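Right, one structure below, let's go through it.
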Amino acid sequence: KSPSTPIHLIVVLLVTYFVCAMGKSNALTCPLPPELATKLHVDPVAIDSASTDYGNIVHSRPAAVLYPSSIEDIQGLVKSSYNCPIPFGISVRGNGHSVDGQDMARDGVVVDMKSLRENKTGIKIRVSKNHLFADVGGEQLWIDVLHTTAAQGLSPVSWTDFLYLSVGGTLSNAGISGQTFLHGPQISNVYELDVITGKGELVTCSKGNNSDLFDAVLGGLGQFGIITRARIALRPAPTKVRWSRAFYSNFSDFIRDQERIVRGGQRDVANYLEGLLMFDNGTPTEWITSFFHPTQLPRIMSLDLQQVFKDFAHVPGFIDAKFVSYQEFLTRVPNVENESQTHPWQNLFIPQSRISDFNVGVLRDIVLKRNITTGPVLFYPLNRHKWDAELSAVIPDEDIFYTASFLHTSGIDNWQVYEDQNKAVIKFCEEAGIKIVKYIADYTTTEEWIKHFGSKWTTFRERKAQYDPKNILSPGQKIFNGV
Ligand code: FAD
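With positions in the sequence shown counted from 1, the corresponding number in UniProt numbering is that position plus 2.
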């Protein structure tokens, strides 16, 4: 007398089957070229490594990780998704230095470019001394571009402040540093790209050839294609750098002098400008103590610094300098990774006309009052006219705008207080009508992205429909997920 038992069992089986079906991703059910089979990894080590990034806050698991050994491998993967009845998402992990999961692909496939870097074949870094450019694989790190070009007495024109980032990763954003005011961001210093579009086509593009794709990809957050080669502008590398530092106790003086440099009147003073804010609890003491060494005193005294800074309003006496090699200067930010830390970062572009309001409302009334900021806060101006308006990157609509980077480091459990501060900053700017633009934005809804892109949104969406019509590329940016 137990007719219900088999029925119960059947129900359980049905439920079990349903769960399996839901858990199985399209990425693993779509037909893949046989040569990809050994390069697609589903083991926990591979999945775990592609489920986190430098930020260590967002964790999103892919169905598989591709370790490509050639560009054809990546192309084959994109084509498989494109031809699959239900395409799967594909994200590229250049060097995993996103902080909000931009390089992840939930239930899709993450292409880990590290394997391409380690592979002996491929484009790598090829320098043309005669034509002053380098053809560089999208997977290459800027640190390696530095070493390879410097060995030939050359240097990329535009840098990032930190060099352990992939070429494809920074060109998908903008690539900014203390040289951007002079030479523009890295995306303004590219001649040509090879790109695998969301249809799996490998296309060469430049300003004169497939210019629409070229413009889309630069600053395009990985939405239109995977960069497999970039031809980047080079120039003769300086051998020596005079690295000077002046302290300011007055914010108005600090920004006025920075702007004098970027407006062009003081080019002989600096061709690399990086401002750093220090708060009472500020951690950049390490930076301060490491800068100056007593043995350098005679050299420093011999510099005619008073002449260099003669019209500047820094704190009297608080000025010093040292000579270093070009490579030493560019590698000043070390590569430190620590799995027990999180990085709730926020990078903003602020229009110059509202910088005093930002100082009062954000730096004084939020950051100083909360007194939790740990890690450097970079703060320096950039020139809008050095940016190519046709590219996908978005910047404020003013001749000069500032970059403010709050580079927080926190523990695994307390990042939320920094995220709360980040949100408070955005809320203040919205309420005060300060039209900030997030750099390396962390938006999660299409509505927020539409607002972010503003007048560029229509073009951005049309280009997406053209180059990645099945919405395969870079799902971790969360731009088109809801569309
Ligand atoms: P990933 O995190 O691996 O990928 C980021 C995004 O780029 C993803 O959407 C991915 O799909 C896309 N992408 C990666 N490779 C390709 C490719 N080949 N083709 C198409 N899309 C691709 N930024 C600056 O501008 N200046 C700085 O000085 C600077 N310093 C930084 C220092 C640190 C310690 C960190 C963590 C970040 C810094 N950033 C800086 C931000 C950095 O430029 C971006 O986070 C960048 O995306 C990281 O590069 P990545 O190679 O690690 O990219």
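Beta carbons are placed, not taken as given, at the ideal position from N, Cα and C, and that holds for glycine.
Predicted model, so just to flag it, every value in this text is computed and none were measured.
Helix, strand or coil at residue i [DSSP, three-state]
i: LYS242; result: strand
i: LEU148; result: helix
i: CYS32; result: coil
i: GLY284; result: Confidence is the limiting factor: at GLY284 the pLDDT is only 46, short of 50, which leaves the residue's position unreliable and the question unanswerable from this model.
i: HIS43; result: strand
i: LEU220; result: coil
i: PHE294; result: Since pLDDT at PHE294 reaches only 41, below the 50 mark, its modelled position is unreliable, and no value is offered.
i: CYS22; result: Per-residue confidence for CYS22 stands at a pLDDT of 32, beneath the threshold of 50, marking its modelled position as unreliable; no derived number is given.
i: ILE189; result: helix
i: VAL326; result: strand
i: GLN142; result: coil
i: ALA107; result: coil
i: THR230; result: strand
i: ALA176; result: coil
i: PHE403; result: strand
i: GLY413; result: strand
i: GLN225; result: coil
i: PRO87; result: coil
i: PHE135; result: strand
i: LEU275; result: coil
i: ALA315; result: coil
For residue i, the first and last residue of its enclosing alpha helix (DSSP H)
i: GLU120; result: 116 to 120
i: VAL396; result: First-last for VAL396: undefined, no H or E at that position.
i: PHE466; result: The amino acid occupying residue 466 in the given sequence is Lys; Phe does not appear at that position. Taken as a continuous stretch (DSSP letters only), the alpha helix (DSSP H) holding LYS466 covers 459 to 469.
i: ILE357; result: 357 to 360
Reference residue i; option with closest CA among the options
i: residue 547; options: GLY413, SER412 and HIS454; result: The structure shown does not extend to residue 547, since the chain is modelled only from 3 to 485, so the question has no answer here.
i: ILE173; options: THR230, LYS131 and ILE127; result: The sequence given here has Leu at residue 173, not Ile. LEU173 has its Cα closest to that of THR230, out of THR230, LYS131 and ILE127.
i: ASP163; options: ASN175, GLN181 and HIS149; result: GLN181
i: ASN385; options: GLN354, LEU365 and HIS410; result: GLN354
i: ILE92; options: ASP322, VAL101, LEU204 and ARG108; result: ARG108
i: SER168; options: LYS116, PHE331 and THR375; result: LYS116
i: PRO87; options: GLY139, ASN483 and ILE474; result: ILE474
i: LEU30; options: ASP322, GLY186 and VAL111; result: VAL111
i: LEU380; options: ILE257, GLN225 and LEU393; result: ILE257
i: SER412; options: THR151, ASP422, PRO398 and TYR404; result: ASP422
i: VAL219; options: TYR469, LYS126, ARG356 and LYS437; result: TYR469
i: GLN343; options: PHE325, LEU409 and PHE331; result: LEU409
i: LEU68; options: TYR84, ASP55 and ALA48; result: ALA48
i: ASP55; options: GLY96, GLU74 and PRO89; result: GLY96
beta-carbon residue i near the ligand FAD non-hydrogen atom, thresh 7 Å
i: ASP163; result: yes
i: ILE228; result: yes
i: ASN97; result: yes
i: VAL159; result: no
i: GLY171; result: yes
i: ASP109; result: no
i: residue 1; result: Shown here, the chain extends from 3 to 485; a query on residue 1 therefore has no answer.
i: ASP217; result: no
i: GLN181; result: no
i: LEU184; result: no
i: MET280; result: no
i: GLY224; result: yes
i: ASN340; result: no
Beta strand (DSSP E) segment containing residue i, residue limits
i: GLN348; result: 348 to 353
i: ALA426; result: Per DSSP, ALA426 belongs to no beta strand (DSSP E); it is in the alpha helix (DSSP H), 417 to 434.
i: ASN385; result: 379 to 385
i: LYS440; result: 439 to 441
Proximity test, residue i beta-carbon vs the ligand GDP heavy atom, cut-off 7 Å
i: ALA176; result: The model on display carries the ligand FAD but not the ligand GDP.
State whether the region 27 to 39 contacts the region 77 to 90, with contact taken as three or more CB pairs (one from each stretch) at a distance under 8 Å.
-> Counting Cβ pairs under 8 Å, three or more are found: they touch.
How do the region 228 to 239 and the region 142 to 159 stand: do at least 3 beta-carbon pairs fall below 8 Å, yes or no?
-> Yes, the region 228 to 239 touches the region 142 to 159.
Does the region 198 to 210 come within contact of the region 129 to 139, defined as at least 3 CB pairs closer than 8 Å?
-> Because the criterion of three Cβ pairs below 8 Å is not met, the region 198 to 210 and the region 129 to 139 do not touch.
Do the region 418 to 427 and the region 341 to 361 meet, that is, are 3 or more Cβ pairs less than 8 Å apart?
-> Flag = yes, the region 418 to 427 and the region 341 to 361 touch.
State whether the region 441 to 460 contacts the region 184 to 199, with contact taken as three or more CB pairs (one from each stretch) at a distance under 8 Å.
-> Segments in contact, no.
Touching by the beta-carbon criterion (3+ pairs, under 8 Å), the region 324 to 343 and the region 240 to 258 | Yes: the two stretches touch, three or more of their Cβ pairs being nearer than 8 Å.
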